[in-house]
Amino acid sequence: MAPTSAQPLTLAVDIGGSGVKVMILDPAGNPLSERDRLDTPAPATPDSVLRAIRQLAQDKSFDRVSVGFPGVVRQGTCYTAANLDSGWLGFNLGKALSEALGKPVRVINDADMQGYGAIEGQGVELMMTLGTGTGFALFINGILVPNLELGHHPFRKGETYEQQLGRAALDDIGKKRWNERLQKAIATLSHAFNYDRLYLGGGNAKKIEITLPENVTIVPNVNGLLGGIALWKD
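What follows is the structure, given as structure tokens:
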């Protein structure tokens, strides 16, 4: 399908600590392509990640771009990047990628974008991503509270949620203890936010083996791309 102004196609991009993923979405947010992926470059500098995105996008037709970035983002500029290179700090990803691809670009925190792909838009909804790092997104009746970054706040034993539940912790303590920690995190979050629903996503959500409360749902990792359509719903 050729892109047209009446039916804009969106290139959704999910930049993660271990992989860079892309997918084409139709105007309603439905996928028009398979998810394509490249390993996140090492070191994950702005230039190397931009090259990876250009490579993934080179054979695709699209009119605009939505990007989920693992850090605080304001008006396209990255202010934190805990699991990437320090060169991202102060880097205007929106402007640089727009110049590289020749298309308008909107950038948001990656957990925020995944949350947009998961929420129902009613009540208090919390998204928790379990991957290289640990991300959070909070929505109230479908309205985002941006850049929550709860993953870097204290959780237990003097460590943050990310230190206790990130991929390094999973590799260090094993799946059983990691699940026990996750169960404690869910209890803490429930009391802190009194949410109507909690969504668990990210690459390590497939490692979950505990019995979850009725208002906690595991969502597919592809939601991190599908949520990209929400960035253009002005």
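In terms of this note's numbering, the sequence shown opens at residue 93 and continues consecutively. Even for Gly, the Cβ is constructed at its ideal location relative to N, Cα and C.
query: Apart from the five residues just before and just after Arg127, which ones in its own chain have a Cβ nearer than 7 Å to its Cβ?
result: Lys113, Met115, Val314 and Leu317
message: What does the Cβ neighbour count give for Arg146, buried or exposed, with the cut at 16 atoms within 10 Å?
response: exposed
- prompt: Quick one: Cα of Ala94 to Cα of Val164, how far?
  reply: The pLDDT assigned to Ala94 is 46, lower than 50, so where the model puts this residue is not dependable; a value taken from the coordinates is nonetheless given after this. Roughly 34 Å separates the two Cα atoms.
- prompt: Between which two residues does the beta strand (DSSP E) harbouring Arg143 extend?
  reply: From DSSP, Arg143 is part of no beta strand (DSSP E) but of the alpha helix (DSSP H) over Pro138 to Ala149.
field: Complete alpha helix (DSSP H) runs within the region 237 to 313 (minimum length 4 residues, chain order)
entry: 253 to 257, 259 to 265 and 267 to 285
- request: Return the chain-ordered list of same chain residues with a C-beta closer than 8 Å to the C-beta of Phe285, the five sequence neighbours on each side being excluded.
  value: Val216, Leu218 and Leu230
query: When you compare only the Cα positions, how much space is there between Arg295 and Gly223?
result: Looking at the sequence itself, residue 295 is Gly, so the reference to Arg does not match. Each residue's Cα considered, the two are about 5 Å apart.
- prompt: Does DSSP put Leu193 in a helix, in a strand, or in coil?
  reply: helix
message: If distances are taken between C-alpha atoms only, which option among Ile310, Ala322, Leu103 and Thr280 comes closest to Thr252?
response: Thr280
message: If you follow the alpha helix (DSSP H) that Leu318 is in, where does it begin and where does it stop?
response: Asn315 to Leu318
query: Counting pairs of beta carbons, one from the region 190 to 204 and one from the region 229 to 247, are three or more of them closer than 8 Å?
result: yes
Boundaries (first-last residue) of the beta strand (DSSP E) holding Asp128: Asp128 to Asp131
message: If you measure between the beta carbons of Asp131 and Ser153, is that distance less than 8 Å?
response: no
- prompt: Any heavy atom of the ligand PLP closer than 7 Å to the CB of Lys267?
  reply: With respect to the ligand PLP, the structure offers nothing, as it holds no ligand at all.
task: Alpha carbon to alpha carbon, how far is Gln150 from Arg156? Give it in angstroms, no decimals.
output: 14 Å
- prompt: Is Gly258 buried or exposed, if buried means 16 or more other CB atoms sit within 10 Å of its CB?
  reply: buried
query: Is it right to say Glu306 is buried, meaning 16 or more other beta carbons lie within 10 angstroms of its own, or is it exposed?
result: exposed
- prompt: Do the CB positions of Gly209 and Gly319 come within less than 8 Å of each other?
  reply: yes
field: Cα-Cα separation, Pro196 to Asn233
entry: 28 Å
field: Where Gly160 falls, given that 16 or more other Cβ within 10 Å makes a residue buried
entry: buried
task: Round the Cβ separation of Trp270 and Lys299 to the nearest angstrom and send it over; I've been treating them as touching at under 8 Å.
output: 7 Å
CB of Val199 within 8 Å of CB of Gly168, strictly: yes
Presumed contact (8 Å Cβ cut-off) between Pro123 and Pro100, rounded CB distance: Contact flag wrong, Cβ pair sits at about 15 Å.
Straight-line gap, Ser97 to Gly194 (C-alpha atoms, nearest Å): With a pLDDT of only 43 at Ser97, under the threshold of 50, the placement of this residue in the model should not be trusted, and no figure is reported.
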